[in-house]
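I have placed the structure first, in the form of structure tokens, so that the comments after it can refer back to it.
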Amino acid sequence: MKKLSIITINFNNVKGLRETHKSIAAQTFRDYEWLVIDGGSTDGSKDFISEHRAEMTWSCSEQDGGIYNAMNKGILHAEGEYLLFMNSGDTLFESTTLEKVFRKTPEADVIYGDWREIQPFRLKKICHSPKVVNYYYFATRPLCHQTAFIRTSLLKQSPYDETYHICADWAKWVELSRDRRSFLYVPVTVCNYHRDGISYHAKTQLQEEHKRLLSEFYEKEEAEVFSSLLEKVDKRLKVIRRLIWLAAFLLIAFIALLCWTAFKT
1 MKKLSIITIN
11 FNNVKGLRET
21 HKSIAAQTFR
31 DYEWLVIDGG
41 STDGSKDFIS
51 EHRAEMTWSC
61 SEQDGGIYNA
71 MNKGILHAEG
81 EYLLFMNSGD
91 TLFESTTLEK
101 VFRKTPEADV
111 IYGDWREIQP
121 FRLKKICHSP
131 KVVNYYYFAT
141 RPLCHQTAFI
151 RTSLLKQSPY
161 DETYHICADW
171 AKWVELSRDR
181 RSFLYVPVTV
191 CNYHRDGISY
201 HAKTQLQEEH
211 KRLLSEFYEK
221 EEAEVFSSLL
231 EKVDKRLKVI
241 RRLIWLAAFL
251 LIAFIALLCW
261 TAFKT
């Protein structure tokens, strides 16, 4: 049995698939298998998969029922002890990443680390996961999925809930913590994460699914408290963002005025 199964979900993103492949192939840690699930792409992804099929334990290119349906296909065929989801465009932080994670043969149901966040027009930054997580932590926030190595047997027993379109991975963290599965933090930057996926843009759907998650896993009183807390935080963040944009606009206007004044004199 391989130590790790890396699962990549792709749809019409052959450029991202190449980047993910390059990142995986460069790893000094070799005790892994790679599975690619393509949603029936028409952009050359199928050709790329055919060219590199020898490097893949399993692959398919066919229409699916969404990202969690595709992920569950990968889980079904995975044979490693742990699973890591690295979707097309996501990359491992450096060539020694997996070696660092598994160097001391950590044992837990979920092993997770840090990530480098990449957003358009913003500086790249290292984001740190909490050293300790629990059932109530996951009421308000998930782990970054691409940083987490999940015991394969757990996901085979209970795959992702495909009735969620955005929050099935979040719901899984709640479920695993509720069932007292072990989580282990390792101080390793695992991946480069592009914060531009559907959960980042579909804010309304994210909020609706999060409310559903709270109602399914928590007592009514707890769910109401967490929901109210998040609404207050969201409102404050919106105010802070507006103030930052206003400050940036005023700074640019001031610099422009200084330049204009200097030019005139």
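Sequential numbering of the sequence shown, starting at 1, is according to our numbering. Backbone N, C-alpha and C define an ideal beta-carbon position, used for all residues, glycine too. Keep in mind that this is a model prediction, so the values were computed, not measured.
Can you tell which of the options has the C-alpha that lies nearest to the C-alpha of residue i?
i      : options                           : result
THR152 : THR189, LYS100 and ASP109         : ASP109
GLU209 : LEU176, SER45, ILE166 and PHE249  : ILE166
HIS21  : ASN12, PHE48 and PHE11            : PHE48
TRP58  : ASP43, ILE67, TYR32 and THR42     : TYR32
ASN134 : GLU175, ARG195, ALA256 and PHE249 : GLU175
LYS124 : VAL101, GLU99, TYR112 and PHE93   : PHE93
VAL188 : SER41, GLU99 and ILE255           : GLU99
GLU219 : SER95, THR28 and TYR136           : TYR136
TRP173 : ALA139, TRP260 and ARG30          : ALA139
PHE102 : GLY16, GLY65, LEU4 and LEU17      : LEU4
GLY113 : ARG122, ASN72, THR204 and HIS128  : HIS128
GLU107 : LYS46, ARG181 and ARG30           : ARG181
GLY65  : ARG18, GLN205 and TYR164          : TYR164
LEU158 : LEU76, LYS104 and THR105          : Per the sequence shown, residue 158 should be read as Ser rather than Leu. Nearest of LEU76, LYS104 and THR105 to SER158, Cα basis: LEU76.
ALA148 : PHE183, SER50 and ARG178          : PHE183
SER216 : ARG178, SER50, ASN72 and ALA256   : Checking the displayed sequence, the identity of residue 216 turns out to be Glu instead of Ser. Answer by Cα proximity: ARG178.
What residue range is occupied by the uninterrupted beta strand (DSSP E) comprising residue i?
i      : result
HIS194 : 183-194
LEU35  : 32-38
LYS125 : 125-127
SER41  : Counting along the chain, SER41 falls outside any beta strand (DSSP E), and DSSP gives it neither H nor E.
Below 8 Å CB to CB, which residues in the same chain sit around residue i once its five sequence neighbours on both sides are set aside?
i      : result
GLN146 : LEU84, PHE85, MET86, ASN87, ASP90, TRP115, VAL190, CYS191 and TYR193
MET1   : GLU79, GLY80 and GLU81
GLU55  : HIS21, ALA25 and TRP34
Near residue i, which residues of its chain fall below 6 Å by C-beta distance, leaving aside the five closest residues on each side in sequence?
i      : result
ILE150 : LEU83 and VAL110
ASN69  : GLU162
LYS131 : TYR185
GLY74  : ILE7, LEU35 and ILE37
ASN12  : SER41 and ASP43
LEU169 : One point to set straight first is that residue 169 is Asp, not Leu, in the sequence displayed. These residues qualify, in order along the chain: HIS145.
ARG195 : GLU117 and GLN119
VAL14  : ASP43, GLY44, SER45 and PHE48
Checking the sheet assignment: what are the DSSP bridge partners for residue i?
i      : result
TYR82  : LEU4 and ARG151
TYR112 : ALA148 and TYR185
CYS60  : ILE37
GLU117 : LYS125 and TYR193
ILE9   : ILE37
I'd like the span of the alpha helix (DSSP H) that includes residue i, first residue to last.
i      : result
GLU99  : 97-102
SER45  : 45-51
SER23  : 14-25
GLY89  : No alpha helix (DSSP H) holds GLY89; DSSP gives it neither H nor E.
TYR218 : Element bounds for TYR218: n/a, residue is neither H nor E.
TYR271 : Missing from the structure shown is residue 271; the chain here goes from 1 to 265 and no further.
ILE67  : 67-77
SER158 : First-last for SER158: undefined, no H or E at that position.
ARG178 : 168-178
Output needed for residue i: all residues of its chain with C-beta closer than 7 Å, excluding positions within five of it in sequence on either side, in chain order.
i      : result
ILE67  : ILE9
ALA202 : ILE166
GLU19  : GLY89 and THR91
PHE29  : LEU98, GLU99 and PHE102
ALA171 : ASP161, TYR164 and LEU213
LYS156 : ILE75
SER95  : ALA26, GLN27 and THR28
PRO142 : ASP169, TRP170 and TRP173
SER23  : THR91 and LEU92
Kindly indicate if chain D contains any beta-carbon less than 8 Å away from that of residue i.
i    : result
LEU4 : Here there is only one protein chain, and chain D is not present.
Checklist entry - Touch check for the stretch 7-14 and the stretch 35-51: three-plus C-beta pairs under 8 Å? => result The stretch 7-14 vs the stretch 35-51: in contact.
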